[in-house]
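In my numbering, the protein residues as written are 550 to 845. Backbone N, C-alpha and C fix where the C-beta goes; we use that ideal spot for every residue, glycine too. Everything numeric in this text was worked out from a predicted model, so none of it was measured. Accompanying notes for the structure given below.
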């Protein structure tokens, strides 16, 4: 089945390049689509590099027919601008796997995909774009998907690759846990520093209070997460390399729009919806929004 699938990848950034590489290694190279034409993509890790042959198509008119499986790795701030791509790549028989942050991927993509089935995914590997446009992968790639019949197309595509796939019956809880990890990275943006800041005691205490606030909202939204989750997330961040970045920090440093709403604003929005106080979000969210959108 996997060999017969017609696979496309939209958004060859850090996450997209990683998925393209693991598919290319098992001779399932996807059709690559993005805003900028590239002759090839390069993924590097501690063991060497993988070169994914292009081209990266930069015009939706180049797509002649819909695909069986489309991995969407554009940021949520780029979804509306990707409407023409999604219309060309998808129809009602397509499965779309959203390699995006947040807990609202299905709602964000549904209007653009011509009736395709949209599957959310939780991406668990740190990958970052380097100055030479290559991507540096710092851990083994793995995905968590909801335990639904529709995911078998994704499982088949990734079978035999070095990207492990876990099917999770309680996907909502896993997605919210990842959201907490993404939300606390907003402090890196405001400080303009990488993961090393979490080794400071004052930032540790602020981050812990914020994560506890996020945890209360997640539980109100239906997630089943233990009291220990905030401490676990902070422990992971403190063990991380001090120079470990995050996509939202890279966007801020490049003066690009930030995914502040789906990473941080969502905590504030769901808190208001469920009657949960969010005093730290009420400070963080306006600052992140202003950093993204100005004016000034």
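Counting every other CB atom within 10 Å of its CB across the protein chains shown gives residue 641 a total below 16, marking it as exposed. When DSSP states are grouped into helix, strand and coil, residue 591 belongs to the strand group.
Secondary structure of residue 685 (DSSP, three-state): strand.
Take residue 730, set aside five residues on each side of it, and the residues of its chain with a beta-carbon closer than 6 Å to its own are 782, in chain order.
Residue 719 sits close to residue 773, with the two beta carbons spaced by under 8 Å. Of the residues 695, 830, 697 and 791, the one whose Cα lies closest to the Cα of residue 762 is 830.
Exclusion of the five residues before and after residue 727 leaves 671 as the residues of its chain whose Cβ lies within less than 6 Å of its Cβ. Residue 791 sits exposed, since fewer than 16 C-beta atoms from the chains shown fall within 10 Å of its C-beta.
Restricting attention to 563, 588, 605 and 591, the CA atom closest to the CA of residue 579 is found in 605.
In this structure, the beta-carbon distance from residue 756 to residue 733 falls below 8 Å.
Between residue 607 and residue 586, the gap from beta carbon to beta carbon is short of 8 Å. Membership of residue 582 in any alpha helix (DSSP H) is not indicated; the residue belongs instead to the beta strand (DSSP E) covering 580-582.
CA-CA distance, residue 626 to residue 576, rounds to 31 Å.
In this chain, the alpha helix (DSSP H) harbouring residue 835 covers 830-842. Taking 3 residues as the shortest admissible run, the stretch 595-660 contains the following complete beta strand (DSSP E) segments, listed from N- to C-terminal end: 597-602, 618-621 and 644-647.
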